[in-house]
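*Asks:*
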Amino acid sequence: MGALAELAGDEKNGDGSRTFVFINEGHTLGNALKTIIARYPEVDFCGYTIPHPTEQKLHFRIQSHRERAIDLLKRGLEDLEALCDHTIETFEKEMNGFNASALEVN
Numbered sequence: 001m002g003a004l005a006e007l008a009g010d011e012k013n014g015d016g017s018r019t020f021v022f023i024n025e026g027h028t029l030g031n032a033l034k035t036i037i038a039r040y041p042e043v044d045f046c047g048y049t050i051p052h053p054t055e056q057k058l059h060f061r062i063q064s065h066r067e068r069a070i071d072l073l074k075r076g077l078e079d080l081e082a083l084c085d086h087t088i089e090t091f092e093k094e095m096n097g098f099n100a101s102a103l104e105v106n
């Protein structure tokens, strides 16, 4: 994963509204993370942009009146990691089952 920074100028909106900048990330992380965080009931807005195709930057915006944006981002990253872990475990289990059944046939 690349570096993470906060976009300057958001301080006046309170802790619930922030734009985070992910360096060396793109639509893969942006769309997955947006899908997870946007479903949280305390989130008013969640979205991302890629400012320019030649820049390796992802601007990720979270707005909430109930929680700090940084806490929602951390929770979203943790939930995404858990989802990825579950996907890998399920795939490996099914692949091992398939390979075992293929050996029984031969």
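Residue numbering for the sequence shown follows full-length UniProt numbering, starting at 1 and increasing by one per position.
Note that the Cβ used here is the ideal one computed from N, Cα and C, for glycine as well.
These figures come from a predicted structure and were not determined experimentally.
(1) Would you decide whether I62 is buried or exposed? Buried here means 16 or more other CB atoms lie within 10 Å of its CB.
(2) Is L49 helix, strand or coil by DSSP?
(3) State the beta-bridge partners of V21 as determined by DSSP.
(4) Under the rule that 16 or more other beta-carbon atoms within 10 Å means buried, what is S64, buried or exposed?
(5) Quick one: what's got a C-beta closer than 7 Å to E67's C-beta in the same chain, skipping five residues either side?
(6) From C84 to R75, what does the alpha carbon distance come to, in whole angstroms?
*Replies:* This is what the structure holds:
(1) In the sequence shown, counting from the first residue as 1, residue 62 sits at position 62. So I62 counts as buried.
(2) Here the question's residue 49 lines up with position 49 in the sequence shown. The residue you asked about is not Leu; residue 49 is Thr in the sequence shown. Three-state result, T49: strand.
(3) For the purposes of this step, residue 21 is taken as the residue at position 21 of the sequence shown. For V21, which the question treats as bridged, DSSP gives the partners A5, H59.
(4) The residue given as residue 64 occupies position 64 in the sequence shown. Flag for S64 reads buried.
(5) Position 67 of the sequence shown, counted from the first residue, corresponds to residue 67. The residues are G16, E42.
(6) Here residue 84 refers to the residue found at position 84 of the sequence shown. Here residue 75 refers to the residue found at position 75 of the sequence shown. Computed Cα separation, rounded: 14 Å.
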